[in-house]
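Heads up, the sequence shown is in our numbering, so the first residue is -9 and it goes up one at a time. Built from N, CA and C at the ideal position, the CB exists for glycine as well. These numbers come from a predicted model, not from an experiment.
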Amino acid sequence: MSALPTSLAKNPRLGQWLRFRAEGVVEVRSGKVELGQGILTTLAQIAAEELDVALERIAMVPAATGSSPDEGVTSGSLSTQDSGTALRFACAEARALCLEAAARRFGVSAASLRLADGDIHAADGRRTSYWEIGDAAIEGRDATASIAPKAADARRIAGRSVPRTDLADKVLGHARFIHDLALPGMLHGRVLRPPSPGATLASLDESAAQSLAGVAAVVRDGSFVGVVARSEAIASAAIERLRAAARWNELAALPDASRLDEWLRSAPRETTVVADRTAGGPRPARTLKASFTRPYLAHASVAPSCAIARWEDGALHVHTHAQGIYNLRADLAIVFAMPAERIVVEHVQGAGCYGHNGADDVALDAALLARAVDGQPVRVQWTRADELAWSPFGPAMAIDLEADLDDAGEVLAWRGATWSNGHTMRPGRAKIPTLLAASQLATPFERSLCVDPPFASGGGSQRNSVPAYDFPRVRVECHRVLEMPLRASALRSLGAFANVFAIEGFVDEIAHARGEDPLAWRLRRVSDSRARAVIESAARRAGWGSAKREGFGRGIGWARYKGAGAYCAVAAEVELTHEVRVRRLCIAIDVGFAVNPDGVANQVEGGAIQATSWTLKEAVRFDRTRVAADGWEGYPILTFSEVPRVEVEVLQRVDEPSVGAGEAAQGPTAAAIGNAVRDAIGVRIRDLPITAGRIAAAALAEETETA
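What follows is the structure in C-alpha cells.
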C-alpha cells in the first residue's frame, strides 16, 4: 500500500474532495485556488481521468473554509504536485468504491463491471451510475491509498492540451472576478492609508466626511481610518475629505535608495550556511569576484486588491482572492479575538496575483469597516496608489559570488553569499497576524518580520542559491536581514529570480574568461540529463551558433527551480538601440508529466514576460520617508508593444511526477537577457533593472578602467 499524499493525509475524508450530483456532474473541491494559472483546469483533467468521466462532467467548486480541504496556500508552484496528486489518489479510490458498491448490488464481481462516463454496466444488462450510488459509496470513507492511480500508458485525458475552463468568461468580459461581485444591499468602503510606512495619525477632523450625503459610517481605530458609503464614488470623495483633514507623524526611516546594497550588507542579520563542500584541493591560479543586486519589486497586479465582508449575528463572511483561505481565516480570528469556526472565507478569482499581494490585507480592511454596518456586506477595493505603495514588496537582494580557477580557467571552488530580508510574511503561520491594518489599530499588533521557508523545502532568499554545476567545492551563505523598513513578502519565485540571474551571469563570465562558448561551458559542467535536454532544446530553437546581427546579442540561462522542481532553460535575443529590447525568448521546460501541456506553456510564457519586465524596467522608488510610486508612471512595467516573441517547448516526461511551471522561467529569463546584453555590447550589467542609464555608466566605467 502506498503512503497517502500529504494533502490527502491531512484531509482524508473522500466526501470533502468529491460529490456526485444526480444530474450527472462530479463536484470536485480542492484547497488550491485559481489565480489565473489554470490550475482548476488541470485538476479537473486529473479527476476526469481517474474517475473515467468526460471532462465536461467535472465542476470545480471554488474553495471555501469549512467545506473545502485545507491545503494551505496556493504558492510555490506546488498545486499540481500536491493537490493534483491528492486528487489522483482520491478519485482512483472513489472509482473503486463505486464499482464495489455496484458489484454488491448486482451480486457480481467488480471486475466484471464496465464503467462508461459514470454509468456502471453489468454483463446481464443491469446498470447503475455514479449519480445514483456515488455519494453513498464514499460516505464516511477515508482515503487509504490502497488503489493505485492509472499508469501513464492508460491516461486519455490527462497529458493532452485542453482549453482552460476559466478563460472564455474572462475574454468575453463576463463577470468572473471578485471586482464584479455584487451582493444584495452591498455598501462600499475605502481606507485612508498613511502617507508613509510607520506614520501614525496625530489628529483627524471627521466632520466634513460625515456630512457628505450617502456616507453610512466613518471608522477610526488608532491610525486605521476608513469610510462606508452608498457608492464607491461617494466613498472616494469622503476619503479625500478625510485626507485633507488628517495630520500625521512621519519618520525618515527608510534606507538611502542609492546605497541599498550597502544597507543590506550592514544591517543586523541572521546567517545560515546552505551548502558547504569545502574539502581541500589544489591552490587556485586566480579568483574571480562579482556582485549582483535586485531592487524591491512591486506585485503590480493588473487589478487592485478587492474584498467583500459581512458581519451577522457575530459571525463573519469574507469573499476574497487570497491565496490561502484557511490562513487568512486564522489571522482574522486573531485580530477579532473570535473562534475561527465563526468565520467563513470564500475564494473568488482576482485579476492578477503573483505572490503575497494585498488580497489578504484588503480582506481585513473590509471586515473592519463592515463591523460599523452589521448585517450589510461592504466591498473594499484598493486604489492603484494603495496597491503600489502598500502591498508587500518582493525584498531587495545583494549577492556576492567568487570562483577559484586553475591555470586552465576551470572552477576549483565556488563561494556565494546573499543578503536579503526573508521572503515570506504570509498570514496564518504565526501567533501575530501579518495583515496590514492589524499594526495600525489603537491596540496594534506587532509588525511581523519576514522569514524564509526551510531550504530543504525550497527556501526563500536562499532559493536556487546553490549552483547546479559539477563544482568540486561549494560554499553558500545566506544572511537574512533583521530590519524591514519596507514591508516585504513572497513575490513570484522568491529569491530564485535574483540568485539565478547572478549565478548564470557569473558562469558566463567564467566561460568568457576561458574563451569558451557559454553553451559549451554549461554542457560540460552539467551531468543531469534532464537539465542538458532543456539547455540543448532552448539553444537549438534559438539557432545558437548562427551568425550574429549587428546591434543584437544572444544569451542563455537555466535552472532547476528550487533544486527539485521544473527544469527550465531560456535563450534570449536582444537588440540594443537607445534602450534594451528583448526580441525573442526560446524556452524549454520539463515539469515531469505535463497534465495540460498548453497550460504549462501558458504559465511559462507569462512568467517569462513578467521576468522581462522585472529585468528591464521595474524597481520600487522611495526617498528616506515615502514610497514614490502611485501609478504606472512611477512604476513602469513592460507594455504590449515591448512584449517579446516567446516560444515554449514542453518536454513531456510521462513517467515522471508532475511539478509546477508557474515560477520556473523567472530566473532563467533574467539571466538569459543579462547574458544577451553582455554579448551585444561586451559590458556586464550586474544591477537590476538593466536600463539604458546603467549600460552607459557600465560602459564608461569599463573604458575608464581600461584606460
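Neighbour-count burial assignment, Asp397, 16 or more Cβ in a 10 Å radius | Sequence index remark: in the sequence shown, residue 397 carries index 407 (1-based). Under this definition Asp397 is an exposed residue.
Buried/exposed call for Glu563, threshold 16 Cβ in 10 Å = Start at 1 with the first residue of the sequence shown, and residue 563 comes out as number 573. By the 10 Å Cβ count, Glu563 comes out buried.
Pull up the distance between the alpha-carbon of Thr75 and that of Pro443, whole angstroms please.
-> Your numbering for residue 75 matches position 85 in the sequence shown. Your numbering for residue 443 matches position 453 in the sequence shown. Rounded to the nearest angstrom, the two C-alpha atoms are 22 Å apart.
Among the residues of its own chain, which have a CB less than 7 Å from the CB of Ala37, if the five just before and after it don't count?
-> As a first step, residue 37 is located in the sequence shown; it is residue number 47 there, counting from the start. Closer than 7 Å at Cβ, skipping near neighbours: Val16, Val18, Ile48, Leu77, Cys81.
Of the residues Val217, Ser197, Glu196, Pro647, the one placed nearest Ala206, counting alpha carbons only | Position 216 of the sequence shown, counted from the start, is the residue given in the question as residue 206. It is Val217 whose Cα lies nearest to the Cα of Ala206.
Count the C-beta pairs between the stretch 418 to 434 and the stretch 312 to 330 that are closer than 8 Å, then say yes if the count reaches three, no if not.
-> The stretch 418 to 434 makes contact with the stretch 312 to 330: 3 or more CB pairs, one atom from each, lie closer than 8 Å.
Expressed to the nearest angstrom, what Euclidean distance is found between the alpha-carbon atoms of Leu704 and Pro52?
-> In the structure displayed, the chain extends from -9 to 697; residue 704 sits before or after that span and is not available.
Among all the DSSP beta bridges, which residues are the ones paired with Tyr557?
-> For the purposes of this step, residue 557 is identified with residue 567 of the sequence shown, where counting begins at 1. Beta-bridge pairing links Tyr557 to Arg550, Asp580.
Integer-rounded CB distance, given that Leu566 should sit under 8 Å from Gly541 = Taking the first residue of the sequence shown as 1, we reach residue 541 at position 551. Taking the first residue of the sequence shown as 1, we reach residue 566 at position 576. So it is a contact: roughly 6 Å between Cβ atoms.
Identify the residues that DSSP records as bridge partners of Thr310: which are they?
-> In the sequence shown, residue 310 corresponds to position 320, counting from 1. Answer is Ala297, His337.
Is the Cβ-Cβ distance between Ser455 and Pro385 less than 8 Å?
-> Position 465 of the sequence shown, counting from 1, holds the residue named residue 455. Position 395 of the sequence shown, counting from 1, holds the residue named residue 385. The answer is no: Cβ separation not under 8 Å.
Excluding the five sequence neighbours on either side, which residues of its own chain have a C-beta within less than 8 Å of the C-beta of Ile680, listed in chain order?
-> Sequence index remark: in the sequence shown, residue 680 carries index 690 (1-based). If you ignore the 5 residues before and after Ile680, its C-beta comes within less than 8 Å of the C-beta of Val570, Thr605, Leu606, Ile663, Gly664, Val667, all in its own chain and listed in chain order.
Using a Cβ-Cβ cut-off of 7 Å (strictly less than) and excluding sequence neighbours within five positions of Leu68, which residues of its own chain qualify?
-> Numbered from 1 along the sequence shown, position 78 holds the residue referred to as residue 68. Result list for Leu68: Gly650, in chain order.
Using only alpha-carbon positions, find the residue among Leu476, Ala290, Phe214, Ile671 that is nearest to Glu623.
-> Taking the sequence shown and counting its residues from 1, the one referred to as residue 623 is at position 633. Ranked by how close their Cα comes to the Cα of Glu623, the residues Leu476, Ala290, Phe214, Ile671 have Ala290 in first place.
Quick one, are the C-beta atoms of Leu359 and Val352 less than 8 Å apart?
-> Taking the sequence shown and counting its residues from 1, the one referred to as residue 359 is at position 369. Taking the sequence shown and counting its residues from 1, the one referred to as residue 352 is at position 362. Cβ distance not < 8 Å, so Leu359 and Val352 don't count as in contact.
Taking 8 Å as the threshold, find out whether the stretch 22 to 37 comes into contact with the stretch 584 to 603 through three or more Cβ pairs.
-> yes
State buried or exposed for Phe96, treating a residue as buried only when at least 16 other CB atoms are found within 10 Å of its CB.
-> Mapped onto the sequence shown, residue 96 falls at position 106. So Phe96 counts as buried.
Which residue's Cα is closest to the Cα of Ala242: Phe214, Arg643, Ala687, Ser186?
-> Here residue 242 corresponds to residue number 252 of the sequence shown, with the count starting at 1. The residue with the shortest Cα to Cα distance from Ala242 is Ser186.
Would Glu532 pass as a contact of Arg550 if the rule is Cβ separation under 8 Å?
-> Numbered from its first residue, the sequence shown carries residue 532 at position 542. Numbered from its first residue, the sequence shown carries residue 550 at position 560. At residue 532 the sequence reads Ala, which differs from the Glu that was named. No, the pair does not count as a contact, with Cβ atoms beyond the cut-off.
For Leu472, name the three-state secondary structure that DSSP assigns.
-> Translated into positions along the sequence shown, residue 472 becomes position 482. It is coil, neither helix nor strand.
DSSP on Ser213, reduced to helix/strand/coil?
-> On the sequence shown, residue 213 is found 223 positions in, with the first residue counted as 1. In the structure shown, Ser213 sits in coil (DSSP, three-state: anything other than H, G, I, E or B).
Span of the alpha helix (DSSP H) holding His502?
-> Locating residue 502 in the sequence shown gives position 512, where the first residue counts as 1. Its alpha helix (DSSP H) spans residues 486 to 504.
So Gly406 is in the beta strand (DSSP E); what residue range does that whole segment cover?
-> As a working note, residue 406 is residue 416 in the sequence shown. 401 to 410 is the extent of the beta strand (DSSP E) around Gly406.
With contact counted as at least three CB pairs below 8 Å, one residue from each stretch, are the stretch 285 to 299 and the stretch 375 to 382 in contact?
-> yes
Limits of the beta strand (DSSP E) - the one that Val368 falls within = On the sequence shown, position 378 is the one that residue 368 refers to. Its beta strand (DSSP E) spans residues 368 to 371.
Mind pulling the beta strand (DSSP E) runs of 3 or more residues that sit fully within the stretch 574 to 648?
-> Runs of the beta strand (DSSP E) inside the stretch 574 to 648: 635 to 640.
Helix, strand or coil for Glu377, going by three-state DSSP, please let me know.
-> Within the sequence shown, numbered from 1, the residue matching residue 377 stands at position 387. If DSSP states are grouped into helix, strand and coil, Glu377 belongs with the helices.
Checking contacts by CB at 8 Å: is Ser447 closer than that to chain D?
-> The question asks about chain D, but that chain is absent: this structure has only one protein chain.
Shortest alpha-carbon distance to Thr602 belongs to which of Asp620, Val617, Arg573?
-> Reading the sequence shown from its first residue, position 612 is the one you call residue 602. Residue Arg573 is the option with its Cα nearest to Thr602.
beta-carbon Val638 near the ligand GTP non-hydrogen atom, thresh 7 Å = Annotation note on the ligand GTP: not contained in the displayed structure, which lists no ligands.
Please name the residue in Gly412, Ile546, Phe583, Ala523 whose C-alpha comes closest to that of Ser483.
-> As a working mapping, residue 483 is identified with position 493 in the sequence shown. Selected option, being the one with the closest Cα: Gly412.
Spatially closest choice to Asp109 from Glu24, Ala84, Gly14, by CA coordinates | What you label residue 109 is simply residue 119 of the sequence shown in a count that begins at 1. Comparing Cα-Cα distances from Asp109 to each of Glu24, Ala84, Gly14, the minimum goes to Gly14.
Helix, strand or coil at Phe383 [DSSP, three-state] | Position 393 of the sequence shown, counted from the start, is the residue given in the question as residue 383. Correct three-state label for Phe383: strand.
Enclosing beta strand (DSSP E) for Ser193 [first to last residue] = Counted from its first residue, the sequence shown places residue 193 at position 203. Its beta strand (DSSP E) spans residues 190 to 194.
Opposite Gly345 in the DSSP bridges: which residues?
-> Taking the first residue of the sequence shown as 1, we reach residue 345 at position 355. According to DSSP, Gly345 bridges with Leu481.
When DSSP builds the beta bridges, which residues end up paired with Phe282?
-> Here residue 282 refers to the residue found at position 292 when the sequence shown is read from its first residue. According to DSSP, Phe282 bridges with Ile389.
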